[in-house]
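S.K.: Sending over a structure as structure tokens; questions will come in a sec.
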Amino acid sequence: MRAVCALLLAAAAAFAALPATTTANKFSINWKPNTNYSDWPAQNGPFYKGDWLVFYYTAGQADVIQVDAAGYNKCDATNAISNYSKGRTYAFELNETKTYYFICSYGYCFGGMRLVIKTENLPPPSPPASAKAKSAAPAASRASLLYAAAAVLAALLRMV
Ligand SMILES: *[C@@H]1O[C@H](CO)[C@@H](O)[C@H](O)[C@H]1NC(C)=O
Ligand SMILES: *[C@@H]1O[C@H](CO)[C@@H](O)[C@H](O)[C@H]1NC(C)=O
Ligand SMILES: *[C@@H]1O[C@H](CO)[C@@H](O)[C@H](O)[C@H]1NC(C)=O
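Mapped onto mature numbering (1 follows the signal peptide of the UniProt record, and there is no 0), the consecutive letters of the sequence shown carry residue numbers -24 to -1, 1 to 136.
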């Protein structure tokens, strides 16, 4: 019983010491005419700096134009920040913490084919279980942490 408890504690400590994952998310969006995208961000977010938006669309039927807030409000692509109309997919990295605006310039914007994406900074990782774990965690791999947990367990077992 005590051994099981020690094992669980050691395993929990090892996993708590792992750094928070910082993997970027990829959001696929079916970008098509006669669709209202005003609820899409709330339904699919939150979005963090470093995430990717992947637009799937039909060339000749839609394009992906990044504009500013004024361009978004007026469905006006004149002052485009970026402009993509080739191929079938467009991967866009949300590489800054800000509000991004996208429209389709083919006239469908007025029907709702426009998108506002607000990106946030990744929340800071939760504090490590102990100062000792903190110094060990960043460089340590999962395997070496498990090895350390096993060593702790072995030491505890010798004590009982
Ligand atoms: C996008 O770029 C193409 C070629 O670079 C240009 O012909 C087109 O007018 C641009 N569209 C918009 C909406 O800026
Ligand atoms: C984000 O990407 C855009 C387009 O590639 C680039 O112009 C801009 O400098 C980038 N921003 C940062 C902070 O890297
Ligand atoms: C899109 O939907 C939003 C809310 O769901 C609504 O306020 C807006 O008028 C709609 N836009 C169009 C062009 O129908």
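Glycine residues also receive a C-beta, built at the ideal position from the N, C-alpha and C atoms.
Could you pull the start and end residues of the beta strand (DSSP E) that W28 belongs to?
M.R.: First-last of the beta strand (DSSP E) with W28: W28 to Y32.
S.K.: With a threshold of 16 other CB atoms inside 10 Å of the CB of A(-1), please say whether the residue is buried or exposed.
M.R.: By the 10 Å Cβ count, A(-1) comes out exposed.
S.K.: According to DSSP, N59 sits in a beta bridge with which residue or residues?
M.R.: Note: N59 sits in a beta bridge opposite I41.
S.K.: May I ask whether a heavy atom of ligand 3 can be found less than 7 Å away from the beta carbon of S14?
M.R.: Correct: S14 has its Cβ closer than 7 Å to ligand 3.
S.K.: Excluding five sequence neighbours on each side, which residues of the same chain lie with their C-beta closer than 7 Å to the C-beta of T73?
M.R.: The residues are K25, T95, E96 and N97.
S.K.: From the DSSP output, in three-state form, read off K50 for me.
M.R.: In the structure shown, K50 sits in a helix (DSSP, three-state: H, G or I).
S.K.: Between P17, Q37, Y76 and E69, which lies nearest to A46 when the distance is taken from Cα to Cα?
M.R.: For A46, the nearest C-alpha among the options comes from Y76.
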